[in-house]
Structures are given as structure tokens and as C-alpha cells.
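Reviewing the structure listed below.
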Amino acid sequence: MIPIHVAFTMDCERIAAESPPGGPASWELSERAIRGYSERLLERGHRPTLFLMPECAQRHADLLGRLAERGVELGLHVHPQSLLDHRYQGYLGEYGAELQREILALAAALVKSATGVRPTSFRPGNFSASDDTYSALYDLGFRQGSVSDPGRCSPQYAAMWQGACPDPHYVNPA
């Protein structure tokens, strides 16, 4: 029998009232969803990855710490427009390499400050990324993630993935 590899992931957003791109209705609903999703998977022997917006990591730091101790991976999720005081207005893929590095480094530091865990997995909001994103992620110590959505054509999110490789592959830091 050929083994099938499955990844269980969840984007953990800032609440809708604080986030231009949207999110859960309340922090209570956010916590319930994160806890329920993670608990069900852990009970069945699966280790999910939670892609965390920094504000979500700050709000749920205790819960996330307990889940990480049980094997849940804490990754990074970024919608620049939702980050901190909304100083960034564009989608990640709209920015050049230097500004992407700044946004990603800031967000990763905030997640580490909240949880004690420096994320090494990443998923951009709306799969917004560019060729610059990969080198920025690699330079900042990220080693895996779900950055592209092969076949997707969403210019409004700077998520242009026609012709992208549909299979998992290693990052080429060059």
C-alpha cells in the first residue's frame, strides 16, 4: 500500500472587528475553534499546524503553549493589513523583498514573544506572495509552509499561481 501523507492546518486570524480582511466574530469563538480543532486531531494521533496571526498568538498564548507541549506546531500567518496598528495597507505579495522581510521578521518576533516559539512554518494570507517571498522566508529561518496555491489567479490579493508546481518541494535559497 502506498502511504498517504496528510497535513492538518488552520489559519488563526485576528478577530473581524480588528482585521480589515476579516476573521472570527470574537476571541471566544477563536479560542473554541483552535481548541476544538487541535484537541480532536491530537486525540487521533495527528499533530496539526496552527498558522498564527501575531495578535491571535498574543491573545491565546496560554492555550497555544499547552498545545505546543502536546505536539501542535505553531507557525506564522500574516495579513499585513491586520498586523499591529494597520500600518501596512497592501497584501504581502505587493511588497518588495525588503519590506516583506521587515513584515515577516516583525510578525515572527511577535509570535515568539507571545508563545516562546519561533515559527519555522509560514502561510501568507490569501496565498499572497511573490518570488521575493521565498528568499525572505529562507533568510529569516522559515523552512516549510504553504505559500502558493497552484492554479489560483487572484490579482486583487497579489496571488498569481498559474503554472506553479503542484507538488511539495524544497526551497532553493538561490
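Numbering (numbering that gives the first Met the number 0), first residue to last: 0 to 173.
Don't be surprised by glycine CBs; every beta carbon is placed ideally from N, CA and C.
A check of alpha carbon separations from residue 108 across 47, 75, 67, 9 identifies 75 as the nearest. Close CB contacts of residue 32 within its chain, under the 7 Å cut and outside five residues either way in sequence, are with 23 (chain order).
Non-local C-beta neighbours of residue 81 in its own chain, meaning closer than 8 Å and more than five positions away in sequence, comprise 12, 13, 17, 18, 19, 20, 22, 52, 54, 124, ordered along the chain. Between residue 9 and residue 41, the gap from beta carbon to beta carbon reaches 8 Å or more.
In the three-state scheme derived from DSSP, where H, G and I count as helix and E and B as strand, residue 166 is classed as coil.
In terms of Cβ geometry, residue 77 and residue 106 form a close pair [threshold 8 Å]. Look at the segment 50-127 and you find these whole runs of alpha helix (DSSP H), each 4 residues long or longer: 53-58, 60-68, 96-114.
Going by C-alpha positions, residue 91 is about 6 Å away from residue 99. The DSSP-derived three-state label of residue 158 is strand. Counted as a single uninterrupted DSSP element, the alpha helix (DSSP H) harbouring residue 130 occupies residues 130-138. Residue 104 is positioned such that its CB atom lies closer than 8 Å to that of residue 139.
Assignment of residue 145 by DSSP, reduced to helix, strand and coil, places it in the coil class.
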